[in-house]
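**Student:** Going from the sequence shown to the numbering used here is simple: count from 1 and add 29.
Quick reminder that beta carbons are idealized off the backbone N, C-alpha and C, glycines included.
Because the structure is a prediction, the values reported are computed rather than measured.
One structure coming up, written as structure tokens, with questions to follow.
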Amino acid sequence: MAVIKYIEAIVSAMREEMRRDDNVFVLGEDVGVRGGVLNTTKGLYQEFGEMRVMDTPLAESGIVGVAVGAAMYGLRPIAEMQFADFVFPATNQIISEAARVRYRSNNDWQCPLVVRLPYGATGGGALYHSQCPESVFVGTPGLKIVAPSTPYDAKGLLKAAIRDNDPVLYFEHKKCYLSQTGEVPDGDYIVPIGKADVKREGTDITVITYGLTVHYALQAAEELHKEEGISAHILDLRTLQPLDKGAILESAARTGKILIVHEDNKTGGVGGEVAAIIAEELLFELDAPIMRLCPPDVPAVGMNPPMEKFFLLNKDKIKDEMRKLALY
Numbered sequence: 030m031a032v033i034k035y036i037e038a039i040v041s042a043m044r045e046e047m048r049r050d051d052n053v054f055v056l057g058e059d060v061g062v063r064g065g066v067l068n069t070t071k072g073l074y075q076e077f078g079e080m081r082v083m084d085t086p087l088a089e090s091g092i093v094g095v096a097v098g099a100a101m102y103g104l105r106p107i108a109e110m111q112f113a114d115f116v117f118p119a120t121n122q123i124i125s126e127a128a129r130v131r132y133r134s135n136n137d138w139q140c141p142l143v144v145r146l147p148y149g150a151t152g153g154g155a156l157y158h159s160q161c162p163e164s165v166f167v168g169t170p171g172l173k174i175v176a177p178s179t180p181y182d183a184k185g186l187l188k189a190a191i192r193d194n195d196p197v198l199y200f201e202h203k204k205c206y207l208s209q210t211g212e213v214p215d216g217d218y219i220v221p222i223g224k225a226d227v228k229r230e231g232t233d234i235t236v237i238t239y240g241l242t243v244h245y246a247l248q249a250a251e252e253l254h255k256e257e258g259i260s261a262h263i264l265d266l267r268t269l270q271p272l273d274k275g276a277i278l279e280s281a282a283r284t285g286k287i288l289i290v291h292e293d294n295k296t297g298g299v300g301g302e303v304a305a306i307i308a309e310e311l312l313f314e315l316d317a318p319i320m321r322l323c324p325p326d327v328p329a330v331g332m333n334p335p336m337e338k339f340f341l342l343n344k345d346k347i348k349d350e351m352r353k354l355a356l357y
């Protein structure tokens, strides 16, 4: 198998799907000749031309609105939000239109649309280049939402999203682009939407997470096991809507001690829904209160380094919470 970076997996998935299906096209700000401000569409314009890799004005509502119309017409658009922070002008198109097409048409119409959202903090991005807006959409029926953590999952989930007949929001953590490298199959494959993945098996505590924090949790788990003999079970949600309820309950029941970790704010975040699922189904099998570790409830990470360090999660912060849970 080839060993590639997370960002290469994303480009590869789009390239292969565009070769496979002429109805797939990309649109967004600077996605054409420039290949995207984050290089996530690099080379696509040169191979597929301006009719399938379209630069757009700085108008996110227009980008998603055009994509919704094209999807209802039978095409398969991939709309890029340059940064996930910019998606808010397009929320009406996503929530009020894309998510409701199938419901409002009594299943007569479909909307096979992918919106790619580079999210999360990379350092020095501050308010408009660091946010995690996934919780804004998680409570909207009609949307599917994915957030891969590895190159394998990034490629497989994007191909699955492009082939899906309903709108999919594809959250890609910018810090994973170059930091995460892994094996991906040489042939065609997909990762099914709605399926979580056990990234590490353990017996003492369970950590449920997604995106970049999966890797921090894995690093913390390795150190805790080596230094203190604590065995951590790590579940990567991969899909945030619909959540893999079976995998969540199975991983929670395995240890009875659960820590939920994500970079998005704690209040109203995905972790609250995961905690509710566990509390409803497994309350009397728990050996400790369900814990959540998230950044504080402020709009976004600050620009200056001390504030950024205070806000963001890292391996050591997660390790401390894992130890606290193990000792409860």
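In the DSSP assignment, find the beta strand (DSSP E) that holds Pro147 and state where it starts and stops.
**Tutor:** For this step, residue 147 is matched to residue 118 along the sequence shown. Taken as a continuous stretch (DSSP letters only), the beta strand (DSSP E) holding Pro147 covers 143 to 148.
**Student:** Measuring straight from C-alpha to C-alpha, what distance separates Glu201 and Ala183?
**Tutor:** Taking the sequence shown and counting its residues from 1, one reaches residue 201 at position 172. Taking the sequence shown and counting its residues from 1, one reaches residue 183 at position 154. Roughly 8 Å separates the two Cα atoms.
**Student:** Just the C-alpha distance for Gly211 and Ala150, rounded to the nearest angstrom, thanks.
**Tutor:** Taking the sequence shown and counting its residues from 1, one reaches residue 211 at position 182. Taking the sequence shown and counting its residues from 1, one reaches residue 150 at position 121. In a straight line, the C-alpha of Gly211 is about 22 Å away from that of Ala150.
**Student:** According to DSSP, simplified to helix, strand and coil, what is His291?
**Tutor:** Numbered from its first residue, the sequence shown carries residue 291 at position 262. Here His291 sits in coil by DSSP.
**Student:** Can you tell me whether Asn294 is buried or exposed? The criterion is at least 16 other CB atoms within 10 Å of its CB, across all chains shown.
**Tutor:** Taking the sequence shown and counting its residues from 1, the one referred to as residue 294 is at position 265. Buried is the call here.
**Student:** What does a CB cutoff of less than 7 Å around Pro325 pick up in its chain, not counting 5 residues either side in sequence?
**Tutor:** Locating residue 325 in the sequence shown gives position 296, counting from the first residue. If we look at Pro325 and ignore the five residues flanking it on each side, its Cβ neighbours are Phe340.
**Student:** Across the segment 240 to 251 and the segment 61 to 76, are there enough close Cβ pairs to call them in contact, namely three or more that are closer than 8 Å?
**Tutor:** Contact fails: fewer than three Cβ-Cβ distances are below 8 Å.
**Student:** Taking DSSP's pairing of strands, which residues face Asp265 in a bridge?
**Tutor:** Along the sequence shown, one-based indexing puts residue 265 at 236. Asp265 pairs with Asp226, Thr238.
**Student:** Put Arg63 into one of helix, strand or coil per three-state DSSP.
**Tutor:** As a working mapping, residue 63 is identified with position 34 in the sequence shown. In this structure, Arg63 counts as coil in the three-state DSSP scheme.
**Student:** Using only CA atoms, which one of Ala355, Gly103, Glu109, Tyr148 lies nearest to His262?
**Tutor:** Numbered from 1 along the sequence shown, position 233 holds the residue referred to as residue 262. Selected option, being the one with the closest Cα: Ala355.
**Student:** Let's see if you can read the secondary structure: which residues bound the beta strand (DSSP E) around Leu342?
**Tutor:** Counting from one through the sequence shown, the residue named residue 342 turns up at place 313. From DSSP, Leu342 is part of no beta strand (DSSP E); its letter is neither H nor E.
**Student:** Where are the alpha helix (DSSP H) runs, 4 residues long or more, that stay fully inside the segment 45 to 109, in chain order?
**Tutor:** Taking only runs of at least 4 residues, the alpha helix (DSSP H) segments lying wholly in the segment 45 to 109 are 73 to 77, 89 to 102.
**Student:** On the premise that Tyr239 lies in contact with Ser178, defined as a C-beta separation below 8 Å, what is that separation, rounded to the nearest angstrom?
**Tutor:** The sequence position of residue 178 within the sequence shown is 149, counting from 1. The sequence position of residue 239 within the sequence shown is 210, counting from 1. Yes, Ser178 and Tyr239 are in contact; Cβ-Cβ is about 7 Å, under 8 Å.
**Student:** By Cβ distance below 7 Å, which residues in the same chain neighbour Leu315 in space, the five residues on each side in sequence not counted?
**Tutor:** Locating residue 315 in the sequence shown gives position 286, counting from the first residue. Around Leu315: Gly285.
**Student:** Which word fits Pro335, buried or exposed, when buried means at least 16 other C-beta atoms lie within 10 angstroms of its C-beta?
**Tutor:** Here residue 335 refers to the residue found at position 306 when the sequence shown is read from its first residue. With fewer than 16 Cβ atoms within 10 Å of its Cβ, Pro335 is classed as exposed.
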